[in-house]
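Down below is the structure, laid out as structure tokens.
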Amino acid sequence: MASNFVHLKRIRVLPGFKLTLGFTLFYLGLIVLIPLAAVFWKTATLTWPEFWHTITMPTAMASYRLTFGASFFAALVNAFFGLIVAWVLVRYEFFGKKIVDALVDLPFALPTAVAGITLAALYSDHGWVGQMLSPLGIKAANTQLGIFIALTFIGLPFIVRTVQPILEDLDPELEEAASSLGANRWQVFWRVILPMLTPALLTGFALAFARALGEYGSVIFIAGNIPMKTQITPVIIMGELDMFDYGKATAIAVVMLVVSFVLLLSINVLQWWTNRYNTNNLA
Amino acid sequence: MTPAATTFRSLPQVVHRHTTSEPPAVRRVLIAVALVFLSLFLFLPLVFVFVQAFAKGIGFYFETLHNPNAWGAIKLTFITAAIAVPLNCVFGVCAAWAIAKFDFRGKNVLLTLIDLPFSVSPVIAGLIYVLVFGAQGWLGLYKNADNPHFPWLANWLNEHNLKIIFAVPGIVLATIFVTFPFVARELIPLMQAQGRSEEEAARVLGASGWQTFWRVTVPNIKWGLIYGVILCNARAMGEFGAVSVVSGKIRGQTNTIPLHIEALYDDYNFTGAFAVASLLAFLALITLGLKTWVEHKNAALNEIEISK
Numbered sequence: 125m126a127s128n129f130v131h132l133k134r135i136r137v138l139p140g141f142k143l144t145l146g147f148t149l150f151y152l153g154l155i156v157l158i159p160l161a162a163v164f165w166k167t168a169t170l171t172w173p174e175f176w177h178t179i180t181m182p183t184a185m186a187s188y189r190l191t192f193g194a195s196f197f198a199a200l201v202n203a204f205f206g207l208i209v210a211w212v213l214v215r216y217e218f219f220g221k222k223i224v225d226a227l228v229d230l231p232f233a234l235p236t237a238v239a240g241i242t243l244a245a246l247y248s249d250h251g252w253v254g255q256m257l258s259p260l261g262i263k264a265a266n267t268q269l270g271i272f273i274a275l276t277f278i279g280l281p282f283i284v285r286t287v288q289p290i291l292e293d294l295d296p297e298l299e300e301a302a303s304s305l306g307a308n309r310w311q312v313f314w315r316v317i318l319p320m321l322t323p324a325l326l327t328g329f330a331l332a333f334a335r336a337l338g339e340y341g342s343v344i345f346i347a348g349n350i351p352m353k354t355q356i357t358p359v360i361i362m363g364e365l366d367m368f369d370y371g372k373a374t375a376i377a378v379v380m381l382v383v384s385f386v387l388l389l390s391i392n393v394l395q396w397w398t399n400r401y402n403t404n405n406l407a
Numbered sequence: 014m015t016p017a018a019t020t021f022r023s024l025p026q027v028v029h030r031h032t033t034s035e036p037p038a039v040r041r042v043l044i045a046v047a048l049v050f051l052s053l054f055l056f057l058p059l060v061f062v063f064v065q066a067f068a069k070g071i072g073f074y075f076e077t078l079h080n081p082n083a084w085g086a087i088k089l090t091f092i093t094a095a096i097a098v099p100l101n102c103v104f105g106v107c108a109a110w111a112i113a114k115f116d117f118r119g120k121n122v123l124l125t126l127i128d129l130p131f132s133v134s135p136v137i138a139g140l141i142y143v144l145v146f147g148a149q150g151w152l153g154l155y156k157n158a159d160n161p162h163f164p165w166l167a168n169w170l171n172e173h174n175l176k177i178i179f180a181v182p183g184i185v186l187a188t189i190f191v192t193f194p195f196v197a198r199e200l201i202p203l204m205q206a207q208g209r210s211e212e213e214a215a216r217v218l219g220a221s222g223w224q225t226f227w228r229v230t231v232p233n234i235k236w237g238l239i240y241g242v243i244l245c246n247a248r249a250m251g252e253f254g255a256v257s258v259v260s261g262k263i264r265g266q267t268n269t270i271p272l273h274i275e276a277l278y279d280d281y282n283f284t285g286a287f288a289v290a291s292l293l294a295f296l297a298l299i300t301l302g303l304k305t306w307v308e309h310k311n312a313a314l315n316e317i318e319i320s321k
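Line order of the protein sequences matches chains A and B. Reading the first sequence from the start, the letters are residues 125 to 407 in the working numbering. Reading the second sequence from the start, the letters are residues 14 to 321 in the working numbering.
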């Protein structure tokens, strides 16, 4: 290993390694790592009972349940419809397909505040969709359903964009082999195609879920932010900040950060799995 | 336009049936399900923004945009993006150069750390800068007492009257944080795939480091760079949560466009809010258009690469 390293160093003809890596680490440290470390520094100023009391207070506990639940179901709905959208975009031809394909990324491109006020107005009792739902007794504005709708909107592209490339690269010979061996179309999908899409589906699901957990802008307008009912965790942090209670805000932020880091780690493992599957298919 | 209706008419004629395709009825149902889902969640909100923006006529629309507070928000948004995007661009190129052209230990850790800002909630992205620069923060100015952590830095900020939180620098910093990975994550896989042989050849033939970079690397990564910049810019101009924490929300001074939208909405000036929102929705459409165009260009280039 050591001799290998020396060897690499000798034949290095490209310049700028120290400069670019140095700047990368400096900038990363200044913008991301040092400020993030401040969260853990601030938490350390709290005593353990203070910290525990803050992160387990009833409004916070209710917000975790809501944030996790709504994010989970939004990601689940997106996994189902996202797979259909990806399938349709890859396998079928129809009028306006290119425009539809481009618009799938709208939730990435549309600022969250715009999405927030739009969904809130659409689903309010007088809004285009809200007035159709209210005779049915369904209320989306200021309810948990509204939060679910907003999170579904922002998570929509993740599944489509992770499944789409894998579906494009699938070897048609596998499907042909399965059907020539007597499998019907549903069996081919269920037994051959879906298992190959599973890593990508899980990755997309995890990405959509992770994004939904931290989402703020698109949710707050439709949610109404009623304590214990429709307050997501970022809103709790915002509330503590508005009262200049930085200790409490930071304690809850630590809970969110730890969850996101664990998710980030599992997404990396999933992506490695996806890529492995993909290169196996290509080989 | 009702996408579902046009679809049925324009389905292509299936000339020969593969063993690996679905019956036409199943296809139609799947296409209809996809389009209904997308219409409800994407097209309808998009149309709604523009309809609401002009609900009180074109006069009211331009009146809202001509308001000094709106104008201040537009200016601040452009200034913020004009600082954040180039900085993250330089960072992206540096990171991609170091990671793609050289081997070193801890590369995977570095890659994960670069992606880190994407997994941090926007509200927390704002909070961390409050913890560093805020009144009780690391570099904060404690009332009637010296900062116990970094007195010289805090005093320096104080002497130069540099206010960061609830002021423009805080907004810029929070925006840099949330848009941090965009350019880097486009360029790193691209430059890794391209390898280092072309640059090495240029060097062996006598080109200097800068010549190699400008004449060999930049033309190769041009489209990836543009792609990253487009996405980075869209997020920089549209960021809401992080900026909302550090801005202080002084109208006309520390409100960006998304914060101005919130202010108008909270005033129950819904048409005004949608009028300003239509600017960002328009930006989103331009972003999607440019993105598709770059992808198209890139796909053409990739096909040449693969056929080699």
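Beta carbons: idealized from backbone N, C-alpha and C, even for Gly.
Tell me which residue opens and which closes the alpha helix (DSSP H) that residue i is part of.
{"i": "Ser-258(A)", "result": "No alpha helix (DSSP H) holds Ser-258(A); DSSP gives it neither H nor E."}
{"i": "Asp-293(A)", "result": "268-293"}
{"i": "Phe-175(A)", "result": "172-179"}
{"i": "Leu-157(A)", "result": "Element bounds for Leu-157(A): n/a, residue is neither H nor E."}
{"i": "Pro-37(B)", "result": "37-51"}
{"i": "Lys-80(B)", "result": "Here residue 80(B) turns out to be Asn, not Lys, going by the sequence shown. It is not in any alpha helix (DSSP H) - Asn-80(B) carries neither H nor E in the DSSP assignment."}
{"i": "Pro-58(B)", "result": "57-66"}
{"i": "Glu-297(A)", "result": "296-304"}
{"i": "Asp-279(B)", "result": "270-279"}
{"i": "Asp-324(B)", "result": "With chain B running from 14 to 321 in the structure shown, residue 324(B) is simply not present."}
{"i": "Ser-135(B)", "result": "Looking at the sequence provided, one finds Pro at residue 135(B) rather than Ser. Its alpha helix (DSSP H) spans residues 135-146."}
{"i": "Ile-239(B)", "result": "231-251"}
{"i": "Thr-191(A)", "result": "182-215"}
{"i": "Ser-221(B)", "result": "Looking at the DSSP string, Ser-221(B) is not in any alpha helix (DSSP H), and its letter there is neither H nor E."}
Against residue i, what residues of chain A qualify as contacts under a CB-to-CB distance less than 7 Å, listed in chain order?
{"i": "Trp-227(B)", "result": "Chain A residues near Trp-227(B): none, gap ~12 Å exceeds 7 Å."}
{"i": "Ala-47(B)", "result": "Ile-208, Val-209 and Val-212"}
Check the Cβ of residue i against every Cβ in chain B and list those closer than 7 Å, keeping chain order.
{"i": "Thr-171(A)", "result": "Near Thr-171(A) there are no residues of chain B at all, since even the closest Cβ is about 17 Å away, more than 7 Å."}
{"i": "Arg-309(A)", "result": "Glu-35"}
{"i": "Gly-140(A)", "result": "Trp-110 and Gly-222"}
Residues of chain A with a CB under 9 Å from the CB of residue i: which are they?
{"i": "Ile-201(B)", "result": "Ordered by position in chain A, no residue passes the 9 Å Cβ test against Ile-201(B), which lies about 11 Å from the chain."}
{"i": "Arg-198(B)", "result": "The contacting residues do not exist; Arg-198(B) stays about 12 Å from chain A at best."}
For residue i, which residues from the same chain have a beta carbon less than 6 Å from its beta carbon, with the 5 sequence-adjacent residues on both sides left out?
{"i": "Gly-147(B)", "result": "Gly-153 and Ile-178"}
{"i": "Glu-364(A)", "result": "Lys-372 and Ala-373"}
If you reduce the DSSP assignment to three classes, tell me which class residue i lands in.
{"i": "Leu-406(A)", "result": "Residue confidence for Leu-406(A) is low, a pLDDT of 48 falling below 50, so the modelled location carries little weight; the figure read from the coordinates is stated next. Looking at Leu-406(A) - three-state DSSP - the assignment turns out to be helix."}
{"i": "Lys-222(A)", "result": "helix"}
{"i": "Met-125(A)", "result": "The predicted model places Met-125(A) with a pLDDT of 44, which falls under 50 and marks its position as unreliable; any figure quoted below should be read in that light. Correct three-state label for Met-125(A): coil."}
{"i": "Lys-353(A)", "result": "coil"}
{"i": "Thr-169(A)", "result": "coil"}
{"i": "Lys-142(A)", "result": "helix"}
{"i": "Met-367(A)", "result": "coil"}
{"i": "Glu-308(B)", "result": "helix"}
{"i": "Ala-288(B)", "result": "helix"}
{"i": "Phe-164(A)", "result": "helix"}
{"i": "Val-137(A)", "result": "coil"}
{"i": "Tyr-410(A)", "result": "Residue coverage of chain A in this structure runs from 125 to 407, which leaves residue 410(A) outside it and unanswerable."}
{"i": "Gly-153(B)", "result": "coil"}
{"i": "Glu-199(B)", "result": "helix"}
{"i": "Pro-164(B)", "result": "helix"}
{"i": "Leu-318(A)", "result": "helix"}
By Cβ distance below 7 Å, which residues in the same chain neighbour residue i in space, the five residues on each side in sequence not counted?
{"i": "Phe-175(A)", "result": "Thr-167 and Ala-375"}
{"i": "Trp-397(A)", "result": "Pro-323"}
{"i": "Val-106(B)", "result": "Leu-200"}
{"i": "Leu-203(B)", "result": "Ile-234 and Gly-237"}
Cβ closer than 9 Å: which chain B residues qualify as neighbours of residue i?
{"i": "Pro-319(A)", "result": "Near Pro-319(A) there are no residues of chain B at all, since even the closest Cβ is about 16 Å away, more than 9 Å."}
{"i": "Pro-358(A)", "result": "Ser-134, Pro-135, Val-136, Ile-137 and Gly-254"}
{"i": "Pro-235(A)", "result": "Ala-247, Arg-248, Met-250, Gly-251, Glu-252, Phe-253, Ile-270, Pro-271, Ile-274, Ala-290, Leu-293, Ala-294, Leu-296 and Ala-297"}
What does residue i reach in chain A if we use C-beta pairs closer than 8 Å?
{"i": "Val-145(B)", "result": "Ile-158, Pro-159 and Ala-162"}
{"i": "Trp-151(B)", "result": "Ala-162 and Trp-165"}
Near residue i, what residues of its chain come up, given a Cβ to Cβ distance below 8 Å and the 5 sequence neighbours on each side ignored?
{"i": "Arg-228(B)", "result": "Ala-215 and Ala-220"}
{"i": "Ile-391(A)", "result": "Thr-327, Ala-330, Leu-331 and Ala-334"}
{"i": "Val-228(A)", "result": "Val-209, Leu-213, Leu-280, Pro-281, Val-284 and Arg-285"}
{"i": "Leu-388(A)", "result": "Ala-334"}
{"i": "Arg-409(A)", "result": "Outside the shown range of chain A, which is 125 to 407, sits residue 409(A), and nothing can be said about it."}
So which residues on chain E does residue i lean against when the C-beta distance must stay under 8 Å?
{"i": "Ala-286(B)", "result": "Annotation note: the requested chain E is absent from the structure, which comprises protein chains A and B."}
- [ ] Below 7 Å between beta carbons is the criterion; list the residues of the region 361-375 of chain A that meet it against any residue of chain B, in chain order.
- [x] Ile-361, Met-362, Leu-365, Tyr-370, Ala-373 and Thr-374
- [ ] Using a Cβ-Cβ cut-off of less than 8 Å, list which residues of the region 283-300 of chain A approach chain B; keep chain order.
- [x] Pro-296, Glu-299 and Glu-300
- [ ] Note down, in chain order, all residues in the region 337-352 of chain A with a beta-carbon under 8 Å from any beta-carbon belonging to chain B.
- [x] Leu-337, Gly-338, Glu-339, Tyr-340, Gly-341 and Phe-345
Open item on the list: Please identify, using Cβ separations under 9 Å, the residues of the region 126-142 of chain B that lie next to chain A, in order along the chain.
Closed with: Leu-126, Ile-127, Asp-128, Leu-129, Pro-130, Phe-131, Ser-132, Val-133, Ser-134, Pro-135, Val-136, Ile-137, Ala-138, Gly-139, Leu-140, Ile-141 and Tyr-142
Task: Selection of the region 60-72 of chain B by Cβ proximity to chain A, strictly under 7 Å - done: Phe-61, Val-62 and Gln-65
Task: Within 7 Å of chain A by C-beta, residues of the region 210-225 of chain B in sequence order - done: Glu-212, Glu-213, Arg-216, Val-217 and Gly-222
Task: chain A contacts made by the region 258-275 of chain B, where a contact means CB separation under 7 Å - done: Val-258, Pro-271, Ile-274 and Glu-275
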